[in-house]
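In what follows, a structure is listed as structure tokens, so that the remarks can point back to it.
There are 2 protein chains.
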Amino acid sequence: MTDDFLPNPALLPAGLRDLLPPDAEIEARSIEAMMDCFAGHGYQRVRPPLVEFEHNLLAGSGAAVSEQTFRLMDPDSQRMLGLRADTTPQVARIANTRLAQSPRPLRLSYAEHCLRVRGSQLAPDRQISQAGIELIGSDAVEADAEIVLAGAEALAVLGLTEVSFDLTLPTMAAMLLDSAGLPPDRRALLAHALDRKDAAAVTALGGSMAATLTRLLLAAGEATPALAALSEVDLPAEARVLADRLAAVVDAIRARAPALRLTVDPLEFRGIRYHTGPCVTVYALGHQQELGRGGRYISGEREPATGLTLFPDVILEAARAPALRPRLYLPAGTDAKLAARFRAEGYATVAALGDEVIDIAAEARRLLCSHLLTDGAAAPLS
Amino acid sequence: MTDDFLPNPALLPAGLRDLLPPDAEIEARSIEAMMDCFAGHGYQRVRPPLVEFEHNLLAGSGAAVSEQTFRLMDPDSQRMLGLRADTTPQVARIANTRLAQSPRPLRLSYAEHCLRVRGSQLAPDRQISQAGIELIGSDAVEADAEIVLAGAEALAVLGLTEVSFDLTLPTMAAMLLDSAGLPPDRRALLAHALDRKDAAAVTALGGSMAATLTRLLLAAGEATPALAALSEVDLPAEARVLADRLAAVVDAIRARAPALRLTVDPLEFRGIRYHTGPCVTVYALGHQQELGRGGRYISGEREPATGLTLFPDVILEAARAPALRPRLYLPAGTDAKLAARFRAEGYATVAALGDEVIDIAAEARRLLCSHLLTDGAAAPLS
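Same order as they appear, the protein sequences are chains A and B. So in the numbering used here, spot 245 of the first sequence is number 549, and the numbers just go up one at a time. So in the numbering used here, spot 133 of the second sequence is number 437, and the numbers just go up one at a time.
Here it is as structure tokens:
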């Protein structure tokens with residue numbers, strides 16, 4: 305017999321998992337702390353539904369996650385629904401329809417779960433938490449800066465200050481590849497070489513752009529020296545506008561948060577989906593997985609917008625765990641008002657349920673309590 | 305042309321909706337306030353995944369929501385998944401598998417979204433928020449009382465004190481119908497009459513149970529007189545145990561919360577799914593929809609358990625809205641530290657994004673701000 309005939313009730317599909325105590329509470333509290341930080345910056349929360357008509361869910365920027373989207377049949381409408389794989393397109397839809405008349409710039413926030421058809425080797429989870437902000441209707445450099453600053457502050461609330469924001473220009477590489485005027489197969493080889501950061505191959509394949517591309521590969525790393533190098537590269541006019549924009553965004557961030565660790569990588573274009581301008585990826589020092597990513601896009605095919613999505617699942621692996629309530633065992637017959645007072649003081653009270661208990665301290669320990677109510681006080685258990 | 309050819313991007317499937325500002329934030333904060341209250345009573349949070357293997361999701365108590373469960377195909381495992389329509393069965397699964405070795409009684413809590421294939425006329429929403437608690441591994445009267453008391457406290461945190469807990473015994477009616485020994489068609493008519501609370505039909509159809517059933521119909525309403533009436537009804541032994549249990553639960557609740565409004569309805573059995581003992585439905589006075597429901601069941605086919613699920617969507621219609629952050633407009637060039645101070649004081653700051661603004665107060669009003677930063681202070685806008 306195989307597993308098909310012996311179903312295991314504990315078995316979950318690959319990439320899906322149960323969050324157990326205390327992780328589930330830590331996650332929920334951390335998400336709300338980040339959302340509260342976003343609310344402090346004027347971002348107002350929206351909550352789109354888990355599923356929508358496939359046609360709407362995958363329109364516009366949603367098309368980028370079409371292959372990752374689960375479909376289901378709606379017996380009510382007899383139409384196909386999609387289960388969201390990303391929240392940003394839904395927020396853009398809300399901005400573009402129900403909140404079309406709200407004043408711009410429009411600041412929206414969200415904290416949602418998404419489901420994806422496949423996990424990746426680096427990020428095997430198929431259910432993903434997203435906590436994010438979208439700033440819709442402004443093309444200002446200050447808008448790009450604000451999403452980085454609000455993101456940094458939200459991470460700092462969780463104790464994550466050893467973070468790095470990597471700023472990229474994902475449309476830059478394509479722009480320069482176009483300028484090189486190469487035949488398609490050689491262009492593909494060059495793009496692959498850029499992706500690998502293979503300077504020798506870029507020099508060999510780059511044609512008229514070889515020198516520019518090679519210099520740009522070197523204009524990466526810590527923001528100040530990289531931007532100095534970038535400013536000296538001879539770029540086509542369109543690419544120069546992009547590069548200057550990146551420098552202006554870094555200046556605007558530095559003006560408000562001089563100590564924030566910033567790197568730039570002007571030729572990075574992996575993970576590009578619907579982005580049109582400066583983008584950002586957030587890392588915790590010493591951790592490989594991204595804490596979040598975002599950048600500039602067009603909302604509803606007409607409005608300039610930028611946003612940042614943080615990934616709570618990854619963040620919680622890097623953040624310090626918050627202190628949870630100490631657990632206080634209440635023997636049978638404890639006065640209800642006394643119990644309420646301890647809860648108000650921050651204890652989790654664990655009440656006896658009329659069971660026969662001989663050794664109260666042993667019972668409290670068995671129930672994983674840290675304290676025992678003794679003579680009206682919370683006595684720590686050794 | 306029909307709507308099929310002119311898709312409306314704002315159109316959502318029936319029973320699904322966007323929560324907009326300020327509702328989405330109010331909902332999230334209210335849920336966390338209730339969860340914090342549950343944590344105060346020692347309930348530890350779990351977070352099951354949105355989807356599971358259909359076979360596991362619909363096992364045990366999950367079978368009750370099988371018809372309401374959306375299915376989807378998992379390309380990874382090539383097996384059918386179910387999208388949860390109820391969270392309690394998932395929590396029971398966790399208790400029974402991953403937390404099988406955790407000490408009993410086990411107190412777990414959750415706050416999740418569920419999706420249902422169909423809405424009802426009274427409750428058309430197909431995406432449902434659930435915030436609940438499960439108390440697994442205790443058959444004590446105090447356990448039944450605790451879930452009511454914790455639920456009442458969670459609602460009180462949201463300002464909902466004008467609530468009523470209606471206690472029922474959903475297995476009582478079937479027990480008495482069995483005792484009546486009626487042919488199936490007459491039994492069905494009698495059950496229908498009980499459901500309609502039609503005393504004349506119950507008397508006519510009740511056979512040997514007519515007098516008992518009619519007296520039980522009258523033993524409903526405010527708990528004290530109803531339980532007094534119930535205590536005098538002559539019941540079969542098994543039904544008497546149930547009735548006495550209900551009285552004991554009311555006593556245990558009254559001992560801790562004498563002012564809590566309690567009603568009983570021993571013959572009520574609508575909405576029964578997997579319940580085996582005393583159950584409860586929560587109402588806000590003057591509101592028709594249920595704020596929550598719960599009761600006693602068997603977890604994992606072997607452990608006595610009880611639980612309560614609150615419905616935040618309904619609760620928020622009845623609760624007073626909490627105060628949200630006042631919005632403070634920050635003109636361009638505002639000092640970053642000053643802005644942070646106002647956020648720490650509880651303002652939402654709305655920063656100018658380097659736009660050309662001539663009339664700052666008008667711009668602040670346009671952005672729906674309540675305050676304007678003037679000479680380093682938050683000046684209210686008329």
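Note that beta-carbon positions come from the ideal geometry of N, C-alpha and C, so glycine has one too.
Exercise. Beta-carbon separation of Phe615 of chain A and Gly596 of chain A under 8 Å?
Worked result: In contact: Phe615 of chain A and Gly596 of chain A (Cβ atoms closer than 8 Å).
Exercise. In chain order, what residues of the same chain lie with their CB nearer than 7 Å to the CB of Asp499 of chain A, ignoring the 5 residues before and after it?
Worked result: Closer than 7 Å at Cβ, skipping near neighbours: Arg574.
For this session: Would you give the residue range spanned by the beta strand (DSSP E) that Arg565 of chain A belongs to?
Result: From DSSP, the beta strand (DSSP E) with Arg565 of chain A extends over Arg565 to Asp569.
Exercise. Between the C-alpha atoms of Thr518 of chain B and Ser686 of chain A, what's the straight-line distance to the nearest angstrom?
Worked result: Rounded to the nearest whole angstrom, the CA to CA distance from Thr518 of chain B to Ser686 of chain A is 58 Å.
Problem set entry | Within chain B, the residues that Ala444 of chain A reaches when beta carbons sit closer than 8 Å | By Cβ distance, chain B contributes Leu657, Gly658 and Asp659.
For this session: Would you mind giving the Cβ-Cβ distance between Arg255 of chain B and Val445 of chain B, rounded to the nearest angstrom? I have them listed as a contact below 8 Å.
Result: Since the first residue shown for chain B is 305 and the last is 686, residue 255 of chain B is missing from the structure and cannot be characterised.
Exercise. Whose C-beta lies closer than 6 Å to the C-beta of Ile335 of chain A among residues of the same chain, with five residues either side of it excluded?
Worked result: Only Ala415, Ala435 and Pro616 meet the Cβ criterion.
Exercise. Considering only the beta carbon of each residue, do Leu473 of chain B and Pro582 of chain B sit closer than 8 Å?
Worked result: With respect to Pro582 of chain B, Leu473 of chain B sits close: the two C-beta atoms are nearer than 8 Å.
For this session: Can you tell me which of the three DSSP states Arg606 of chain B falls into?
Result: If DSSP states are grouped into helix, strand and coil, Arg606 of chain B belongs with coil.
Problem set entry | Inter-residue spacing [alpha-carbon to alpha-carbon] between Asp322 of chain A and Leu361 of chain B | A direct Cα-to-Cα measurement between Asp322 of chain A and Leu361 of chain B gives close to 13 Å.
For this session: Spell out whether any CB of chain B is found under 8 Å from the CB atom of His417 of chain A.
Result: Yes, His417 of chain A counts as interfacial toward chain B.
Exercise. Are at least three pairs of beta-carbons, each pair with one atom in the stretch 428 to 442 of chain A and one in the stretch 601 to 613 of chain A, less than 8 Å apart?
Worked result: Here the stretch 428 to 442 of chain A lies against the stretch 601 to 613 of chain A, with 3 or more beta-carbon pairs under 8 Å apart.
For this session: Spatial neighbours of Leu564 of chain A within its chain, please: CB distance less than 7 Å, with the 5 preceding and 5 following residues excluded, ordered by chain position.
Result: Within the same chain, and ignoring the five residues on either side of Leu564 of chain A in sequence, the residues whose Cβ sits closer than 7 Å to its Cβ are Ala456, Phe469 and Ile557.
For this session: Please work out which residues of its chain come closer than 8 Å, Cβ to Cβ, to Gly485 of chain A, disregarding the five sequence neighbours upstream and downstream, and give them in chain order.
Result: Excluding the 5 residues flanking it on each side, Gly485 of chain A has same chain C-beta neighbours closer than 8 Å at Gly511 and Ser512, in chain order.
Problem set entry | Residues in the stretch 629 to 648 of chain B having any Cβ partner in chain C nearer than 7 Å | Structure shown: chain C not included; protein chains present are A and B.
Problem set entry | Rounded straight-line distance, which links the Cα of Ala458 of chain A to that of Met339 of chain A | Those two C-alpha atoms are separated by around 8 Å.
Exercise. Per DSSP, which one or two residues make a beta bridge with Tyr601 of chain B?
Worked result: DSSP lists B:His579 and B:Ala609 as the bridge partner or partners of Tyr601 of chain B.
For this session: Would you verify that the beta carbon of Pro379 of chain A is, or is not, closer than 8 Å to some beta carbon of chain B?
Result: Yes, its Cβ sits closer than 8 Å to a Cβ of chain B.
Problem set entry | Straight-line Cα distance separating Gly366 of chain A from Leu324 of chain B | Going from the Cα of Leu324 of chain B to the Cα of Gly366 of chain A covers about 20 Å.
Exercise. Measuring CB to CB, does Met476 of chain A end up less than 8 Å from Pro540 of chain A?
Worked result: Result no, Cβ atoms of Met476 of chain A and Pro540 of chain A do not sit closer than 8 Å.
Problem set entry | Backbone CA spacing between Ala328 of chain A and Ala655 of chain A [nearest angstrom] | The alpha-carbon atoms of Ala328 of chain A and Ala655 of chain A are separated by roughly 22 Å.
Exercise. Which same chain residues, not among the five before or five after Arg411 of chain B, have their C-beta less than 6 Å away from its C-beta?
Worked result: The answer, listed in chain order, is Gly346, Tyr347 and Leu439.
Problem set entry | Closer than 9 Å at the beta carbon, the chain B residues around Leu546 of chain A | Within 9 Å Cβ-Cβ: nothing; Leu546 of chain A doesn't reach chain B, min ~19 Å.
Exercise. Given Leu376 of chain B, which residues of its chain have a CB within under 6 Å of its CB, disregarding the five upstream and five downstream residues?
Worked result: Taken in chain order, the residues that qualify are Leu385.
Problem set entry | N-terminal and C-terminal residue of the alpha helix (DSSP H) that Glu667 of chain A is part of | Judged by DSSP secondary structure, Glu667 of chain A falls within the alpha helix (DSSP H) whose first and last residues are Ile664 to Arg670.
Exercise. Alpha carbon to alpha carbon, what distance is there between Arg430 of chain B and Leu354 of chain A?
Worked result: Each residue's alpha carbon lies about 10 Å from the other.
Problem set entry | Cut-off 8 Å between Cβ atoms - residues of its own chain near Val568 of chain A, not counting five sequence neighbours on either side | Around Val568 of chain A: Asp470, Leu471, Thr472, Ala523, Ala524, Gly525, Ala527, Ala530, Leu531, Leu534, Leu550 and Val554.
Problem set entry | Strand pairing of Met377 of chain B, partner residues [DSSP] | DSSP lists B:Met384 as partners of Met377 of chain B.
Exercise. Straight-line CA distance for Arg383 of chain B to Thr678 of chain A?
Worked result: In this model, Arg383 of chain B and Thr678 of chain A are separated by some 54 Å (Cα to Cα).
Problem set entry | Counterpart residues of Pro562 of chain B in DSSP-defined beta bridges | Partner(s): none; Pro562 of chain B has no beta bridge.
Exercise. Does the Cβ of Ala504 of chain B have 16 or more other Cβ atoms within 10 Å, making it buried, or fewer, making it exposed?
Worked result: The residue is exposed, with fewer than 16 neighbouring Cβ atoms inside 10 Å.
For this session: Give the residues of chain B in contact with Gly346 of chain A, contact being defined as C-beta atoms less than 7 Å apart.
Result: What Gly346 of chain A touches in chain B: Arg631, Ala652, Thr653 and Val654.
Exercise. Roughly how many angstroms separate the alpha carbons of Glu607 of chain A and Arg408 of chain A, rounded to a whole number?
Worked result: Whole-angstrom Cα-Cα distance: 10 Å.
Problem set entry | Same chain only: Cβ atoms within 7 Å of Gln578 of chain B, ignoring 5 sequence neighbours per side | The sequence as given places Tyr at residue 578 of chain B; Gln does not occur at that position. Excluding sequence neighbours, Tyr578 of chain B sits near Ser365, Ala368 and Tyr601.
For this session: Return the CA-CA distance between Phe349 of chain B and Arg490 of chain A, expressed in angstroms with no decimal places.
Result: Inspection of the sequence shows that residue 349 of chain B is occupied by Arg rather than by Phe. For Arg349 of chain B and Arg490 of chain A, the distance between alpha carbons rounds to 55 Å.
For this session: Give the interface partners of Ile398 of chain B over in chain A, defined as CB-CB distance under 8 Å, in chain order.
Result: Among the residues of chain A, those whose CB is under 8 Å from the CB of Ile398 of chain B are Asp322 and Leu324, following chain order.
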